[in-house]
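Quick notes on the structure that follows.
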Amino acid sequence: MTTATDAETPPATDPVSQDGGNAPRGAVVLSGVTKLYGDQLAVDDLSLTIQPGEFISLLGPSGCGKTTTLRMIAGFEHPDAGDILISGRSVLNAPPYRRDVNTVFQAYALFPHMSVAENVAYGLQQRRTPKSEIRDRVTQALDLVQMRRFGDRRPAQLSGGQQQRIALARALVNRPSVLLLDEPLGALDRQLREEMQLELKLLQSRLGITFVFVTHDQGEALSMSDRIAIMRAGRIEQLADADTVYARPASAYVAAFVGQQNFFRGAVTESGAAVSSTHALVRGTAPVLVNAAQGEAAVRPEYVRIEKDPQAGSATASTDLNAARGELIGVAHLGDTMQYLVRLGDDQSLIVRRPTPDAPALTVGDPVLCTWAAHHVLLFPADDAAQEGGYVAPPTE
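End of the sequence shown sits at 397 in full-length UniProt numbering; the numbers just go up one at a time, nothing left out.
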């Protein structure tokens, strides 16, 4: 990971004043921020208010503008329009080292010829902090990330997770009001990444520092964030807490990107409470369809029940229950859940997940009946961008 202090050597001055007028330290406000690369619009009139001490994630696919937004807050990119305030002060004309923020990137970029303690102390030395204070602050920073006993080691003697902790300590030793994290867990294996998610959240809770976390990994965002900003084409599609984003997504794009969904696309019924697709009439109880002739009905795999089909023939949906018949074409053991893949027809399949202890014993080739309640269905206007997100039932061969 690279920290902002490594990007350029600052003069012996303090960061931009931290009093921020009437705004509390650590508050971040983006107002109408736009960024162009040539004729390519990377960030489009984006406005966002981040509360002091908040853990907020910018989540989205590659090219959605999340990293560009982070780099503008850090000062590595300059917006073409709009304003950015940190702790109540505009920082448009402030270089990175004057912004009272530090940035942690995916690449560790620790100095290989320096010890762990020397790496952490580097930014303080550049600010000409007294040596006695440097010693105390380095010790405190290493204690925060539980790496004090490794202070005399070189980076090459550390694991990837340990190097990440050192990069965090180097960022935190300057006591920034805002910590910016750009895909910091991307280089770690899955188990270590999940451990570091917990550690990062605990660390942020202890310090009370504002964390702005950029990721394309929905699991990271859901597990750590106070709020999540789902980004699409340089704009925020939805800004809400994890429960709201998962259970009440604002669009088909968000529904597809966060978690997994089965989508049925077809004509919207007259009542607007169902979508009539080729393979099922899918009813919902909370439609968000607005003047749409074509719609998408979405249901998460964990809300679908599956059983061996007691009889052949077509299935019809009652007012509060949806049903579809098909052939089981795949079974996968995912540990605490069993995953089933069902062919509904030539052009669509359905994914089902059941808790392992309650999962039915089924064999590939079995005829199956899948059912799900109407109140678990989300209804959206048809949106091709939903295909950019999470699981969309693929066509079968």
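Where is the CB? At the ideal position from N, CA and C, for every residue including glycine. Source: prediction; values computed, not measured.
For the beta strand (DSSP E) containing residue i, list its first residue and its last residue.
| i | result |
| --- | --- |
| S349 | Q348 to P355 |
| A169 | Careful: A169 lies outside any beta strand (DSSP E), inside the alpha helix (DSSP H) at G160 to L172. |
| L36 | V28 to Y37 |
| I306 | R305 to K308 |
| V116 | Per DSSP, V116 belongs to no beta strand (DSSP E); it is in the alpha helix (DSSP H), V116 to Q126. |
| Y340 | T337 to G345 |
| F211 | T210 to T215 |
| P96 | Unbroken run through P96: none, as it is neither H nor E. |
| N102 | V101 to V104 |
| A298 | Q294 to V299 |
For a quick check, are the C-beta atoms of residue i and residue j less than 8 Å apart?
| i | j | result |
| --- | --- | --- |
| A252 | E296 | yes |
| D241 | R227 | yes |
| V214 | D189 | no |
| R135 | L142 | no |
| V258 | Q218 | yes |
| V116 | M72 | no |
| D320 | A273 | no |
| P184 | Q106 | yes |
| residue 399 | P360 | In this structure the chain extends from 1 to 397, so residue 399 is not present and cannot be described. |
| D309 | P357 | no |
| V342 | V364 | no |
| I26 | P52 | Checking the sequence shown, residue 26 turns out to be Gly, not Ile. Cβ atoms of G26 and P52: closer than 8 Å. |
Alpha carbon to alpha carbon, how far is residue j from residue i? Give it in angstroms, no decimals.
| i | j | result |
| --- | --- | --- |
| A94 | D80 | 15 Å |
| A256 | S225 | 19 Å |
| Q70 | T129 | According to the sequence as given, residue 70 is Leu; it is not Gln. Rounded to whole angstroms, L70 to T129 spans 28 Å at the Cα level. |
| A317 | V352 | With a pLDDT of only 47 at A317, under 50, the local geometry of the prediction cannot be trusted, and the value read off the model is given with reservation. Roughly 18 Å separates the two Cα atoms. |
| R99 | K131 | 23 Å |
| L378 | R354 | 20 Å |
| E199 | L168 | 11 Å |
| G75 | S90 | 12 Å |
| A24 | G88 | Here the sequence assigns Pro to residue 24, which means Ala is not the residue at that position. Going from the Cα of P24 to the Cα of G88 covers about 7 Å. |
| W372 | Y303 | 6 Å |
| I236 | G60 | 10 Å |
| Q238 | L41 | 19 Å |
| Y340 | Q125 | 58 Å |
| K35 | I50 | 19 Å |
| D346 | S223 | 37 Å |
| K201 | E270 | 47 Å |
| A221 | Q311 | 43 Å |
| R127 | E133 | 12 Å |
| S277 | L344 | 11 Å |
| V254 | V245 | 8 Å |
| D336 | Q191 | 16 Å |
Rounded to whole angstroms, how far is the Cβ of residue i from the Cβ of residue j, which I believe are closer than 8 Å?
| i | j | result |
| --- | --- | --- |
| T210 | E54 | 6 Å |
| N262 | A292 | Contact doesn't hold; Cβ gap of about 19 Å is too wide. |
| T68 | V43 | 5 Å |
| A171 | L179 | 6 Å |
| C370 | A233 | No, C370 and A233 are not in contact; Cβ-Cβ is about 34 Å, not under 8 Å. |
| I86 | L92 | Contact doesn't hold; Cβ gap of about 11 Å is too wide. |
| Q260 | R300 | 7 Å |
| A156 | V138 | 20 Å between Cβ atoms; not a contact. |
| R283 | N322 | 6 Å |
| S62 | H216 | 7 Å |
| L207 | I166 | That belief does not hold up - the Cβ atoms of L207 and I166 are roughly 17 Å apart, past 8 Å. |
Tell me whether residue i, by its Cβ, gets closer than 7 Å to a heavy atom of the ligand NAP.
| i | result |
| --- | --- |
| I134 | Inclusion of the ligand NAP in the displayed structure is not the case, the ligand content being empty and no account of it being possible. |
Please name the residue, chosen from the options, that lies closest to residue i on a Cα-to-Cα basis.
| i | options | result |
| --- | --- | --- |
| G161 | L180, L172, G123 and G186 | G186 |
| I230 | L200, S57 and G26 | S57 |
| H279 | S62, S349, P360 and Q140 | S349 |
| A324 | G330, L281, Q106 and G60 | L281 |
| S174 | P184, Q146, Q311 and N119 | Residue 174 is actually Asn in this sequence, not Ser. Of the candidates P184, Q146, Q311 and N119, the one whose C-alpha sits nearest the C-alpha of N174 is N119. |
| M114 | T363, D152 and Q125 | D152 |
| D383 | V288, E195, L59 and Y122 | V288 |
| T285 | R235, F380 and L124 | F380 |
| D196 | Q163, P176 and H216 | Checking the displayed sequence, the identity of residue 196 turns out to be Met instead of Asp. Ranking the options by Cα distance to M196, first place goes to Q163. |
| P112 | L124, F150, V28 and R154 | R154 |
| V212 | K66, D366 and V368 | K66 |
| L144 | Q204, A121, G365 and V101 | Q204 |
| R248 | R127, A109 and H376 | H376 |
| L48 | G38, G123 and V29 | V29 |
| G123 | Y97, L362, Q140 and D45 | Y97 |
Which residue comes first and which comes last in the alpha helix (DSSP H) that contains residue i?
| i | result |
| --- | --- |
| M72 | K66 to A74 |
| D136 | K131 to L144 |
| R190 | R190 to L207 |
| Q218 | Q218 to M224 |
| A373 | That residue, A373, is in no alpha helix (DSSP H); its beta strand (DSSP E) goes P367 to A373. |
| residue 444 | In the structure displayed, the chain extends from 1 to 397; residue 444 sits before or after that span and is not available. |
| V254 | A252 to F257 |
Looking at chain C, is there any beta carbon in it that lies within less than 8 Å of the beta carbon of residue i?
| i | result |
| --- | --- |
| S132 | Here there is only one protein chain, and chain C is not present. |
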